[in-house]
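**Student:** For our numbering, count along the sequence shown from 1 and bump the result up by 181. The structure follows.
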Amino acid sequence: MDFYIVLGVNRGASLPEVKKAYRRLARRLHPDVNPGDERAALRFREIAEAYSTLSDPDRRQRYDLVGYEAPIAQGQAPGFEGFDFSAAVFANQQSTFGDLFADVLRNEPVRSGPQERGHDLHQSLSLTFEQAADGGEFHLPIVRQTTCRECAGTGSLSVAAVKCPSCDGVGSLRTARGHMVFTRRCERCDGTGALNARGCPGCGGAGTVSRAGQVAVPVPAGIGDDAKIRIAGQGSAGRRGGPPGDLYVTVHVAPHPLFRRENDDLHLVVPVAVHEAALGARVEVPTVHGSTRLRVPPGTQSGQRLRLRGRGLPSPRSGHRGDLVVEIRLALPKVLDERSKVLLKEFGDLNGESVRDQFERAWKPQDGPARERAAE
182 MDFYIVLGVN RGASLPEVKK AYRRLARRLH PDVNPGDERA ALRFREIAEA YSTLSDPDRR
242 QRYDLVGYEA PIAQGQAPGF EGFDFSAAVF ANQQSTFGDL FADVLRNEPV RSGPQERGHD
302 LHQSLSLTFE QAADGGEFHL PIVRQTTCRE CAGTGSLSVA AVKCPSCDGV GSLRTARGHM
362 VFTRRCERCD GTGALNARGC PGCGGAGTVS RAGQVAVPVP AGIGDDAKIR IAGQGSAGRR
422 GGPPGDLYVT VHVAPHPLFR RENDDLHLVV PVAVHEAALG ARVEVPTVHG STRLRVPPGT
482 QSGQRLRLRG RGLPSPRSGH RGDLVVEIRL ALPKVLDERS KVLLKEFGDL NGESVRDQFE
542 RAWKPQDGPA RERAAE
């Protein structure tokens, strides 16, 4: 791991430049700003470790000379180079027998930088009842991580090759244990002995930057409330060229003042005058697309339901339309003049049959003793 690339500064950066780069990245990647984001937490630990090293003159000098001592890759144990009985080696590192083979027997994984899939995003889209019924394409504003344009998502910029300071251009590092000398591949330059990249200042080495934009959301006609739409590849961009995540959109449909939805059917309550229900009529009723004429048969009762085929909502899956179910509700005029009262009384005299016969039979006792028992 190159601490200069992590912070996105040059190797000759001053202490104020290092502090400025750290503060800029810390504000963006701090765990309190990105709760639950493991990738941001990992990046924050990396920049904290880089800052603690580069802000300390002694540690920075040692880092510039030795480099970052990453764990040895699996299957890449240091090779035994021989013995060295020079005074320098003997004086620098004396070790016990247990320490002698510590590096040889250790096989820890290397901190690598593989491609990472971008995070999935979850957004909400609010629609009117009519918009949900018709469907279409709606533009949703969104903020997401996108591929850095400066480095094309790699997190680093190509520069003229320079000699790796960690291995002095050799490509390997020597480690002395007592009089025994081992070599291992230099992790900083990947064994090439040269460095030809630096951290991208635009994204701080992450390969992605946060940008605001819009996403076109295709909404099928007849979509219901709380339905979810998945748009593949429209989430955040992946790190180091990894595939992007997906966008999940939850649709919220506003209720309609007249219609009530049941699956793909629409239910509507229509007030009808007494004479219309008694004699029959044709009344105009609304639909999701304009209006239509409804035939009310003579003798229609309050609460009776009439069905208009194919006047409901289209199914989001099959496109087949539901029905419009109209419930009749009798409505009396608010004010009756004397002539209307006389006509209604004459109508009652001509049609003297009680409309409550079935109702009364359901609860009134039929014989005298039973009636007396009920009264007691």
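We put the beta carbon where it would ideally sit given N, CA and C, even for glycine.
According to DSSP, is P479 helix, strand or coil?
**Tutor:** coil
**Student:** Could you name the residues of the same chain whose beta carbon sits closer than 7 Å to that of C345, not counting the 5 residues immediately before and after it, in chain order?
**Tutor:** C367, R369, C370, G374, A375, L376
**Student:** For Q312, report the span of its alpha helix (DSSP H) as first-last.
**Tutor:** 310 to 315
**Student:** So what does DSSP say about I186, is it helix, strand or coil?
**Tutor:** helix
**Student:** Using the rule of at least 16 other Cβ atoms within 10 Å of the residue's Cβ for burial, across every protein chain shown, is G471 buried or exposed?
**Tutor:** exposed
**Student:** Do R441 and Q296 come within 8 Å of each other at the CB atom, strictly closer than that value?
**Tutor:** no
**Student:** Judging by CA-CA distance, which residue of A402, V396, D407 is the nearest neighbour of P413?
**Tutor:** For clarity, residue 413 is Ala in the given sequence; the question names Pro instead. Nearest option by C-alpha distance: V396.
**Student:** Mark R330 as exposed unless 16 or more other C-beta atoms lie within 10 angstroms of its C-beta, in which case mark it buried.
**Tutor:** By the neighbour-count rule (16 or more Cβ atoms within 10 Å), R330 is not buried but exposed.
**Student:** Skipping 5 residues on each side, what residues in its chain have a beta carbon closer than 6 Å to that of P479?
**Tutor:** L460, G461
**Student:** Please go through the same chain and pick out, in chain order, the residues whose beta-carbon is closer than 6 Å to the beta-carbon of L447, but skip the five residues on each side of it.
**Tutor:** F440, G493, L505
**Student:** Which same chain residues end up closer than 7 Å to G426 when comparing Cβ atoms and leaving out the 5 residues on each side of it in sequence?
**Tutor:** R298, G299, H300, D301, L302, G416, S417
**Student:** Figure out for me which residue from R476, A435, A454, D445 has the closest Cα to the Cα of G503.
**Tutor:** The candidate whose alpha carbon is nearest that of G503 is D445.
**Student:** Could you check whether P212 and A222 sit closer than 8 Å to each other, using their CB atoms as the reference points?
**Tutor:** With respect to the 8 Å criterion, A222 and P212 are classified as neighbours on the basis of their beta carbons.
**Student:** In chain order, which continuous runs of the beta strand (DSSP E) of length 3 or greater are located wholly inside the region 346 to 422?
**Tutor:** 353 to 358, 361 to 366, 375 to 380, 389 to 400, 408 to 412
**Student:** Tell me the DSSP secondary structure of A462 in three-state form.
**Tutor:** strand
**Student:** Kindly indicate which three-state DSSP category L235 falls into: helix, strand or coil?
**Tutor:** helix
**Student:** Does D467 come out as helix, strand or coil in the three-state DSSP assignment?
**Tutor:** A small correction: the amino acid at residue 467 is Pro; Asp does not occupy that position in the sequence shown. If DSSP states are grouped into helix, strand and coil, P467 belongs with the strands.
**Student:** Give the C-beta separation of G403 and G189 to the nearest angstrom, bearing in mind that I take them to be a contact with Cβ-Cβ under 8 Å.
**Tutor:** Their Cβ separation, rounded to whole angstroms, is 50 Å, which puts G403 and G189 out of contact at 8 Å.
**Student:** Which stretch, first to last residue, makes up the alpha helix (DSSP H) that contains D530?
**Tutor:** Unbroken alpha helix (DSSP H) run through D530: 519 to 531.
**Student:** Alpha carbons only, please: which of G405, G388, V450 is nearest the one belonging to P424?
**Tutor:** Between P424 and the set G405, G388, V450, the nearest pair of CA atoms involves G388.
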